[in-house]
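Q: A single structure is presented below for examination.
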Amino acid sequence: MKALPRLFTLLLLVLLSACAGTGGDKVRQSALSEYGAAIRWGEFDRAQEFVDPIHRAEHPITELDRERFKLIQVSGYEVKHASATADGLQQTVEIRVINKLTQSERTLTDRQTWRWDEAGKRFWLMSGLPDFSQP
4 MKALPRLFTL LLLVLLSACA GTGGDKVRQS ALSEYGAAIR WGEFDRAQEF
54 VDPIHRAEHP ITELDRERFK LIQVSGYEVK HASATADGLQ QTVEIRVINK
104 LTQSERTLTD RQTWRWDEAG KRFWLMSGLP DFSQP
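The sequence shown begins at 4 in the working numbering and counts up by one.
See below:
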């Protein structure tokens, strides 16, 4: 009879830990989906909000970047590989970009590093926005 309360407590702990994991997965998936949508729709100022504040301050969007953004149309955004790390995740994304002037499409690979911010309960992109200037 004494084992029943212990069993109930153990079961409750297992359920709580499972719920906590699911919540973290939802936060991660939401951040990655929202960031990907911002890139797909060319909303680079919105995408910049996902970038780690320290990295953002050190690498602000310049006027040259803004002019480049006007000349491109993102035609595809596909996650090729994702893996968990000790404090976040690594993700490799293939981005297809059309040059609006030449109508030529090119593909670039964006290697993303995301970190979990325990205090803020959110993920931050540590690697910055994709480099659309690469050939």
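Where a beta carbon is used, it is the ideal one built from N, C-alpha and C, also for glycine.
1) Do you know whose CA, among F126, S136, S130, Q137, lies nearest G27's CA?
2) Check whether the region 128-138 and the region 104-114 are in contact - that is, three or more C-beta pairs closer than 8 Å.
3) Quick check on the DSSP output: what are the complete beta strand (DSSP E) runs of length 3 or more inside the region 109-138, in order along the chain?
4) What's the gap between the Cα of Q32 and the Cα of V77?
5) When DSSP builds the beta bridges, which residues end up paired with Q93?
6) Work out the CA separation of Y80 and G39 for me, nearest whole Å.
7) Should H62 and G123 be called a contact, given that it needs their Cβ atoms to be closer than 7 Å?
8) In angstroms with no decimal places, state the Cα-to-Cα distance between T105 and D55.
9) CA-CA distance, G91 and K73?
10) According to DSSP, is G45 helix, strand or coil?
11) Restricting to Cα atoms, I'd like to know which of L128, A89, K83 is closest to R99.
A: This is what the structure gives:
1) F126
2) yes
3) 125-128
4) 21 Å
5) S86, T116
6) 7 Å
7) no
8) 34 Å
9) 32 Å
10) coil
11) K83
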